[in-house]
Amino acid sequence: MLELRLVQGSLLKKVLDAIKELVKDANFDCSTTGFSLQAMDSSHVALVSLLLRAEGFEHYRCDRNLSMGMNLDNMAKMLKCSGNDDIITIKADDGSDSVTFMFESPTQDKISDFEMKLMDIDSEHLGIPEAEYHAIIRMPSAEFAKICRDLASIGDTVVISVSKEGVKFSTRGDIGAANVVLRQNTTVDKPEEATIIEMNEPVSLTFALRYMNSFTKATPLSNIVTISLSSELPVVVEYKIAEMGYIRFYLAPKIEE
Amino acid sequence: KAVQLSLTEFYRSA
Numbered sequence: 140m141l142e143l144r145l146v147q148g149s150l151l152k153k154v155l156d157a158i159k160e161l162v163k164d165a166n167f168d169c170s171t172t173g174f175s176l177q178a179m180d181s182s183h184v185a186l187v188s189l190l191l192r193a194e195g196f197e198h199y200r201c202d203r204n205l206s207m208g209m210n211l212d213n214m215a216k217m218l219k220c221s222g223n224d225d226i227i228t229i230k231a232d233d234g235s236d237s238v239t240f241m242f243e244s245p246t247q248d249k250i251s252d253f254e255m256k257l258m259d260i261d262s263e264h265l266g267i268p269e270a271e272y273h274a275i276i277r278m279p280s281a282e283f284a285k286i287c288r289d290l291a292s293i294g295d296t297v298v299i300s301v302s303k304e305g306v307k308f309s310t311r312g313d314i315g316a317a318n319v320v321l322r323q324n325t326t327v328d329k330p331e332e333a334t335i336i337e338m339n340e341p342v343s344l345t346f347a348l349r350y351m352n353s354f355t356k357a358t359p360l361s362n363i364v365t366i367s368l369s370s371e372l373p374v375v376v377e378y379k380i381a382e383m384g385y386i387r388f389y390l391a392p393k394i395e396e
Numbered sequence: 003k004a005v006q007l008s009l010t011e012f013y014r015s016a
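In the order they appear, the protein sequences are chains A and B. Everything in the first sequence is counted per the working numbering, starting at 140 for the first residue and increasing by one. Everything in the second sequence is counted per the working numbering, starting at 3 for the first residue and increasing by one.
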C-alpha cells in the first residue's frame, strides 16, 4: 500500500514539466526514504535524478519498496486536471497495475480521482559516485535559463569555462559568436540573486545547448541553480526543491576528436 | 568536430 499526500500539489506538476521533455517513460521508486526517479534520455547523453523526501509529504505511507512505471506525458495530462492550489495524493495498492492521483481543493469542496495505468519499463540504473568538482557555480536560475536560451539562438553548443576571471559561457554558429561572462557577485539585495563561483582548478567543457535548455524547464522549482564542473566528468545542474529534495541533471560533455 | 560522449562512458550500471 502506497499513499503519499502532498499539500503543495503544484510542486508535482512543476516536477513533471521539468523532466517530461527529456524523458518519456520512467520508473518512480517509492521507499521509506522518499519518492524518487532516475532516468536517462533515449540517447543516454543526459540523466535526471529526482528526490522528494518522505518528510516533505504531509502523509507518507510506503509499506514496501515499489517501482511504478509511468508515461510522463500521460502523467502530466492527469496532473493538469488538478487545480493549482489542490492537495495531491498518490495512491497505489501492492501489485496493482494502476496508480491513482487524488486532487482535493483547499476548501475540500471538490475531490477528484484520476486512475492511470502503469507500464513495465526496462530502465538502466546508473551508479553515480560522489565526486570532487573543479568548479561549482551557484547563480540565479532565471539568469542561467536566459543565457542558455540566448546562446541557443546563435549556436548548438556551449563552452563553459571557469577561471579566476569568472565563468564564461561561449557559443559559435553560422551567424556569429557570443560570450557571456559572469563574475562573482555577492553584494545583492537578496541571497538568491547572488552569483558564487567556487573554483579549485580552472575548467573548460563543451555541452550541447539542446539539453541545457531542456534542464532549464526546472527553473520554476527553484530561484537558484548549482552547476558543478569537472574536466573528466559530466556536468551536474541541480535545482533544489525547497524542504523536499532536489532535481539533478547530468550531461555528458562533447569532446574534440 | 566535437563528439558527444555518452553517460555510460562515465557511470556504471548500479
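Glycine is no exception: its CB is placed at the ideal position from the N, C-alpha and C atoms. Predicted model only: the values in this text are computed from it and were never measured.
Reduced DSSP secondary structure (H/G/I, E/B, other) of residue i
{"i": "PRO392(A)", "result": "coil"}
{"i": "CYS287(A)", "result": "helix"}
{"i": "VAL342(A)", "result": "strand"}
{"i": "VAL301(A)", "result": "strand"}
{"i": "ARG277(A)", "result": "strand"}
{"i": "TYR272(A)", "result": "coil"}
{"i": "PHE354(A)", "result": "helix"}
{"i": "ALA317(A)", "result": "strand"}
{"i": "ASN362(A)", "result": "coil"}
{"i": "ARG144(A)", "result": "strand"}
{"i": "ILE158(A)", "result": "helix"}
{"i": "LEU7(B)", "result": "coil"}
{"i": "GLU243(A)", "result": "strand"}
{"i": "LYS256(A)", "result": "strand"}
{"i": "SER367(A)", "result": "strand"}
Closer than 8 Å to chain B by CB, residue i
{"i": "LEU265(A)", "result": "yes"}
{"i": "ALA165(A)", "result": "no"}
{"i": "GLU304(A)", "result": "no"}
{"i": "PRO279(A)", "result": "no"}
{"i": "VAL184(A)", "result": "yes"}
{"i": "PHE392(A)", "result": "Sequence check: residue 392(A) is Pro here, not Phe. True, the Cβ-Cβ gap to chain B drops below 8 Å."}
{"i": "GLU160(A)", "result": "no"}
{"i": "THR345(A)", "result": "yes"}
{"i": "GLU243(A)", "result": "no"}
Pick from the options that is closest to residue i, judged by C-alpha positions
{"i": "PHE242(A)", "options": "SER235(A), LEU290(A) and LYS230(A)", "result": "LYS230(A)"}
{"i": "LYS216(A)", "options": "ASN318(A), GLU340(A), LEU290(A) and LYS159(A)", "result": "LYS159(A)"}
{"i": "SER15(B)", "options": "LEU265(A), ASP168(A), LYS153(A) and LEU143(A)", "result": "LEU265(A)"}
{"i": "GLU422(A)", "options": "ILE299(A), GLY384(A) and SER149(A)", "result": "This structure leaves residue 422(A) out entirely; chain A is present only between 140 and 396."}
{"i": "SER235(A)", "options": "ILE314(A), ASP259(A) and SER251(A)", "result": "ASP259(A)"}
{"i": "CYS169(A)", "options": "VAL162(A), GLN177(A) and LYS163(A)", "result": "GLN177(A)"}
{"i": "PHE388(A)", "options": "ARG288(A), GLN323(A) and ALA157(A)", "result": "ALA157(A)"}
{"i": "TYR350(A)", "options": "VAL184(A), SER175(A) and LEU150(A)", "result": "VAL184(A)"}
{"i": "LEU161(A)", "options": "ALA333(A), GLN147(A), LEU145(A) and VAL187(A)", "result": "VAL187(A)"}
{"i": "VAL327(A)", "options": "ILE293(A), MET278(A) and THR246(A)", "result": "MET278(A)"}
{"i": "LYS219(A)", "options": "THR365(A), ILE286(A) and LEU151(A)", "result": "LEU151(A)"}
{"i": "VAL375(A)", "options": "VAL301(A), ALA270(A) and SER149(A)", "result": "ALA270(A)"}
{"i": "LYS249(A)", "options": "ASN352(A), GLU263(A), ASN223(A) and ARG322(A)", "result": "ASN223(A)"}
{"i": "LEU348(A)", "options": "PHE283(A), PRO330(A) and ILE380(A)", "result": "PHE283(A)"}
{"i": "GLY173(A)", "options": "LEU191(A), ILE275(A), GLU332(A) and LYS163(A)", "result": "LEU191(A)"}
Environment of residue i [buried if 16+ CB atoms lie within 10 Å]
{"i": "SER181(A)", "result": "exposed"}
{"i": "HIS198(A)", "result": "exposed"}
{"i": "ASP225(A)", "result": "buried"}
{"i": "CYS201(A)", "result": "buried"}
{"i": "LYS303(A)", "result": "exposed"}
{"i": "GLU395(A)", "result": "exposed"}
{"i": "MET140(A)", "result": "exposed"}
{"i": "SER237(A)", "result": "exposed"}
| task | Taking only beta carbons into account, state which residues of the segment 287-301 of chain A come closer than 7 Å to chain B, listed in chain order. | result | THR296
| field | Residues of the segment 360-379 of chain A whose Cβ lies closer than 9 Å to any Cβ of chain B, in chain order | value | So the list reads GLU371, LEU372 and PRO373, given in the order they occur along the chain.
| request: Return the residues of the segment 169-180 of chain A that lie within a Cβ-Cβ distance of less than 7 Å from chain B, sorted by chain order. | output: MET179
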